[in-house]
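What follows is one structure encoded as structure tokens, with my remarks underneath.
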Amino acid sequence: MLYSIVILLALCAVAADRHHLRRLKREGVGPLRRRLFIAWAALTDSLPLIVAVAGLLLRDHSTAYIHWTMWIFWAWMVAIFSRIGFYAFNALHRPRLGVLAGLGIAGIMVWGATAGRTTLHINAIEVCSDRLPAGFDGLRIVQFSDLHVGTLVHPDRELNRLIDSINALHPDLILFTGDLVNIRSSELTPAVLQKLGALAAPVYSVTGNHDTGRYIKDTVAQPADESLAQVIERQTQAGWHVLQDTTVYLHREGDSISLSGISFDPALHRQRHASQLHVATLDKTYAGVPDSLFNITAVHLPQLWPQILETGHGDLTLAGHVHGMQMKIDLFGHSVSPASWLYKRWSGPYRQDGRTLYINDGIGCVGYPMRLGAWPEITLITLRKCS
Numbered sequence: 003m004l005y006s007i008v009i010l011l012a013l014c015a016v017a018a019d020r021h022h023l024r025r026l027k028r029e030g031v032g033p034l035r036r037r038l039f040i041a042w043a044a045l046t047d048s049l050p051l052i053v054a055v056a057g058l059l060l061r062d063h064s065t066a067y068i069h070w071t072m073w074i075f076w077a078w079m080v081a082i083f084s085r086i087g088f089y090a091f092n093a094l095h096r097p098r099l100g101v102l103a104g105l106g107i108a109g110i111m112v113w114g115a116t117a118g119r120t121t122l123h124i125n126a127i128e129v130c131s132d133r134l135p136a137g138f139d140g141l142r143i144v145q146f147s148d149l150h151v152g153t154l155v156h157p158d159r160e161l162n163r164l165i166d167s168i169n170a171l172h173p174d175l176i177l178f179t180g181d182l183v184n185i186r187s188s189e190l191t192p193a194v195l196q197k198l199g200a201l202a203a204p205v206y207s208v209t210g211n212h213d214t215g216r217y218i219k220d221t222v223a224q225p226a227d228e229s230l231a232q233v234i235e236r237q238t239q240a241g242w243h244v245l246q247d248t249t250v251y252l253h254r255e256g257d258s259i260s261l262s263g264i265s266f267d268p269a270l271h272r273q274r275h276a277s278q279l280h281v282a283t284l285d286k287t288y289a290g291v292p293d294s295l296f297n298i299t300a301v302h303l304p305q306l307w308p309q310i311l312e313t314g315h316g317d318l319t320l321a322g323h324v325h326g327m328q329m330k331i332d333l334f335g336h337s338v339s340p341a342s343w344l345y346k347r348w349s350g351p352y353r354q355d356g357r358t359l360y361i362n363d364g365i366g367c368v369g370y371p372m373r374l375g376a377w378p379e380i381t382l383i384t385l386r387k388c389s
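To convert, take the position in the sequence shown, counting from 1, and add 2; that gives this note's numbering.
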């Protein structure tokens, strides 16, 4: 589906360019100017193809290659959306407005790749449940997700800002819901682990699809399973607790709740964007967990929420994965995003039968280094006991 969207956009850009070229001919624009336009349009329209060919020719997808492809893809988006904005007004015989529209679109996308990509937004919500024991009333949980360390442009600066922002919230518990790395375990350098270990509250995490090593091309140099094992081991070295299809119990003021973590199943790699999914590990995850206990479940894929609800657990389920596709607009209290084309639930809180799902928009980027509307998110969740 994602590839289909890119192909559709590319075809629309080519069609728009051809239409504009015919318009230039009708208006009697000189051949030199037309040739310059053809060269510019051909160069920018071919950028996705250049990226695809490079990916096929390279032996492996290094961190440098991923950075290069993300910025090339972003440049293509800037070029085609700005041009289409210009074409729209030019077709209405308002070329000056078209120029302003094109420059405005380019400016917004440059802003999204700078301040929009790096400015953290803290969303604070309360989750109320009559199943929550009194001892946990007021528990402060921080959720963050989808760090994609390998895509951070300035890792030291961005990680310092993230860690300081989380610690400033004084959470009782921190939950990370997957995709710590982008491609491989080597992204978790000693410097990165030192910063991740500076979080000032207990951290529990689960693995996401990018953590499993399935995006490594040269699996002879490093097998996927080996990379996954190292991702888990290095989180443990940083003092994090990785929940691998298991449940732990939290105690506070004489009361207890359960905390479950569902690992990303590599068998779901090709279906990771499907609207409905099913995993076979939930029996293991919730084995022996009393239904009477309030349960928090951390999972990467929000599509598993219906299956979690069927088990009778997941009073609060925290997920990530979607990023809001790094673009969303809030209109009259409703959010609009390309993510809604792929996912039934894709950002923020959802409630059903007294249970809550919260989907965090993540920190890092995939595909292109830009965020518009779907800002890098830290979620502060306060648990409340309903009377």
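For each residue, glycine too, the CB sits at the ideal point set by N, CA and C.
The structure displayed is predicted, hence computed values, not measured ones.
Would you kindly report the start and end of the unbroken alpha helix (DSSP H) that includes residue i?
i: Thr153; result: No alpha helix (DSSP H) contains Thr153, which DSSP labels as neither H nor E.
i: Glu312; result: Trp307 to Glu312
i: Arg236; result: Ala226 to Gln239
i: Pro192; result: Pro192 to Leu198
Can you give me the Cβ contacts of residue i inside the same chain, cut-off strictly under 6 Å, excluding the 5 residues immediately before and after it?
i: Arg142; result: Pro173, Asp174 and Thr384
i: Pro378; result: Leu122 and Ile365
i: Ser2; result: Outside the displayed span of the chain (3 to 389) sits residue 2, for which this structure offers no information.
i: Asn184; result: His150, Gly152, Thr153 and His212
i: Ala126; result: Leu382
i: Ala15; result: Asp47 and Ile82
i: Arg25; result: none
i: His1; result: Examination of residue 1 is not possible in this model, given that the chain is present from 3 through 389 alone.
Considering only residues of the same chain and omitting the five flanking positions on each side of residue i, which have a CB-CB separation below 7 Å?
i: Trp76; result: Ala115, Tyr370, Pro371 and Met372
i: Ser84; result: Gly104, Ile107 and Ala108
i: Val338; result: Lys330 and Ile331
Just to confirm my understanding: we take residue i, look at its own chain, exclude 5 residues before and 5 after, and list those with CB closer than 8 Å. What are they?
i: Val291; result: Thr249, Ser260, Ser262, Asn297 and His315
i: Ile165; result: Lys197, Leu198, Ala200 and Leu201
i: Arg386; result: Glu128, Val129, Cys130, Ser131, Leu134, Asp139 and Gly140
What residue from the options has the CA that sits closest to residue i's CA?
i: Asp380; options: Leu198, Ile176 and Gln305; result: Here residue 380 turns out to be Ile, not Asp, going by the sequence shown. For the residues Leu198, Ile176 and Gln305, the minimum Cα distance to Ile380 belongs to Ile176.
i: Ile82; options: Ile234, Thr46 and Arg96; result: Thr46
i: Gly1; options: Tyr89, Ala93 and His95; result: Absent from the structure is residue 1, since the part of the chain shown begins at 3 and ends at 389.
i: Leu306; options: Ile264, Asp317 and Arg163; result: Ile264
i: Asp19; options: Ala93, Gly32, Gly356 and Tyr360; result: Ala93
i: Val205; options: Arg254, Val244, Gln309 and Val101; result: Val244
i: Val233; options: His325, Leu182 and Val53; result: Leu182
i: Pro50; options: Gly335, Ile74, Asp62 and Leu58; result: Ile74
i: Arg216; options: Asp247, Arg274, Leu38 and Leu195; result: Arg274
i: Gly2; options: Gly350, Ala66 and Pro225; result: Residue 2 cannot be examined here, being either before or after the span of the chain that is shown, 3 to 389.
i: Ala66; options: Arg36, Met79, Val155 and Ala43; result: Val155
i: Thr214; options: Val194, Trp348 and Glu228; result: Glu228
Going by DSSP, name the residue or residues bridged to residue i.
i: Pro351; result: Tyr360
i: Ala203; result: Bridge partners of Ala203: none, in fact.
i: Ile331; result: Val338
i: Thr319; result: Thr299 and Leu359
i: Leu374; result: Met329
Would you mind reading off the limits of the beta strand (DSSP E) that contains residue i?
i: Val338; result: His336 to Val338
i: Glu379; result: Glu379 to Lys387
i: Asp181; result: Counting along the chain, Asp181 falls outside any beta strand (DSSP E), and DSSP gives it neither H nor E.
i: Ile298; result: Asn297 to Val301
i: Asp293; result: Per DSSP, Asp293 belongs to no beta strand (DSSP E) and is neither H nor E.
Taking 8 Å as the cut-off, is the C-beta of residue i nearer than that to any heavy atom in the ligand FAD?
i: Thr249; result: Because no ligand of any kind appears in the structure shown, any question about the ligand FAD cannot be addressed here.
Item to check | Inside the region 93 to 179 only - beta strand (DSSP E) runs reaching at least 3 residues | outcome: Qualifying beta strand (DSSP E) stretches, in chain order: 123 to 131, 142 to 146 and 175 to 178.
Next on the checklist: What ranges does the beta strand (DSSP E) occupy inside the region 244 to 289, keeping only unbroken runs of at least 3 residues that lie completely in it?
Outcome noted: Secondary structure in the region 244 to 289: the beta strand (DSSP E) runs of 3 residues or longer, each lying completely within the stretch, are 248 to 254 and 257 to 264 in chain order.
Checklist entry - Could you give the uninterrupted runs of the alpha helix (DSSP H) lying entirely in the region 47 to 75, keeping only those of 4 residues or more? => result Correct list: 49 to 59.
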